[in-house]
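Encoded as C-alpha cells, the structure appears first; notes follow it.
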Amino acid sequence: MSPTAITETSSEKKAAVVGVLALQGAFQEHVQLLRKAAAQITSTYELSFTLVKTTAQLAQCSALVIPGGESTTMALIAERCALLEPLREFVKVARRPTWGTCAGMILLSESANRTKKGGQELIGGLDVRVNRNHFGRQVESFSVPLQLRFLGEGEKPFTGVFIRAPVVEAVLPRGDARVVAVRQGNVLGCSFHPELTGDVRMHKWWLETVIEDLKRREKLGGSV
Ligand SMILES: NC(=O)CC[C@H](N)C(=O)O
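Counting with the working numbering, you get residues 8 to 231 for the letters of the sequence shown.
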C-alpha cells in the first residue's frame, strides 16, 4: 500500500484522515461521533473523517473504523470490491490503528465460529476466536453499564449496547475467555455499539491513540 501523505495546513497543523468502512451497517453514526470527539481534542493534527468504499479511499487513511452491521455481508461486499486484501494489508502489514465494533470486531478476529459452511472471510489482526450472535437474536438486544477502565479510573459507566453481539470466547492460543472489548497492538475490537449511545468518550479515547500513532510514525520518519 502506498504511504499516506500528510499535508501542512495554514495553521501549521498536519492533516490526517480517519476512515470509516462504509460497505454496510452503522457507519454514519461513527462519523458523527468521531467528529464530535475530534472537536474535544487539542492536538497538532487536523483530523478529517471520510467514508471508505474503495481501495483508493482506504489508501488516504491513517486509521480506520469498521462498524457494526452484518459481518458476512460486509465480507462479501469487500471481496467483490477487491477490498479484502487491501484491508488485510492496512491492518496486518501497515499496522494502522483499526477499531471494529460488533460485526467490525468479528471481521478483525482471526477466527469466528457459527459461520456458514465454507467459512466466512475475515480480515484478522486480533488473535482471538469470536462466537457470533453470542448474546442472542435482535429481539434479545439489551444495554448494560460497563466499567471500561481504559477510559480512566472513577469514570461513570459506559452504556454497552449489545445487538446480536459477538463475544471473544478464546484468546489464541491460550484458550477460554468471555471478553467484550479487546486490544492487540494497533487493533481494537468491541462487542457493543458505542456509536449508538451518543457518549463520546470511547471515540475520544480511540482518536487519542490514533494521534499517538501518528506522532510515533512521524518520529520514526515514516509515512503518517
Ligand atoms: N450488531 C452487529 O454488528 C451484529 C453482528 C452480527 N451478529 C454478525 O454476525 O455480523
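Note that beta-carbon positions come from the ideal geometry of N, C-alpha and C, so glycine has one too.
Please read all numbers here as calculations on a predicted model, not as lab measurements.
Assigned exposure category for residue i - 16 Cβ within 10 Å defines buried
i: residue 146; result: exposed
i: residue 109; result: buried
i: residue 46; result: exposed
i: residue 111; result: buried
i: residue 223; result: exposed
i: residue 26; result: buried
i: residue 173; result: buried
i: residue 182; result: exposed
i: residue 227; result: exposed
Test item: CB-CB of residue i and residue j under 8 angstroms
i: residue 62; j: residue 90; result: yes
i: residue 32; j: residue 81; result: yes
i: residue 150; j: residue 126; result: no
i: residue 197; j: residue 187; result: yes
i: residue 75; j: residue 200; result: yes
i: residue 55; j: residue 24; result: yes
i: residue 135; j: residue 195; result: no
i: residue 214; j: residue 40; result: no
i: residue 37; j: residue 202; result: yes
i: residue 140; j: residue 171; result: yes
Whole-number beta carbon distance between residue j and residue i, since they are thought to touch under 8 angstroms
i: residue 52; j: residue 99; result: Between residue 99 and residue 52 the Cβ distance is about 24 angstroms, and since that is not below 8 angstroms, they are no contact.
Which ranges does the alpha helix (DSSP H) cover as unbroken runs of at least 4 residues, wholly within the region 110 to 144, from first to last along the chain? 110 to 115
Touching or not, the region 64 to 71 and the region 96 to 114, by the rule of three or more beta carbon pairs under 8 angstroms? yes
With a threshold of 8 angstroms, are at least 3 pairs of Cβ atoms found where one atom belongs to the region 110 to 117 and the other to the region 129 to 139? yes
Sufficient close CB pairs (3 or more, under 8 angstroms) joining the region 90 to 98 to the region 154 to 173: no
3 or more residues per run - each beta strand (DSSP E) lying fully within the region 18 to 54: 21 to 28
Could you pull out every unbroken beta strand (DSSP E) segment of at least 3 residues lying fully inside the region 164 to 215, listed in chain order? 165 to 169, 174 to 178, 182 to 186, 188 to 191, 194 to 197
Enumerate, from N- to C-terminal direction, the unbroken beta strand (DSSP E) stretches of 3 or more residues contained entirely within the region 52 to 113. 52 to 59, 70 to 73, 105 to 108
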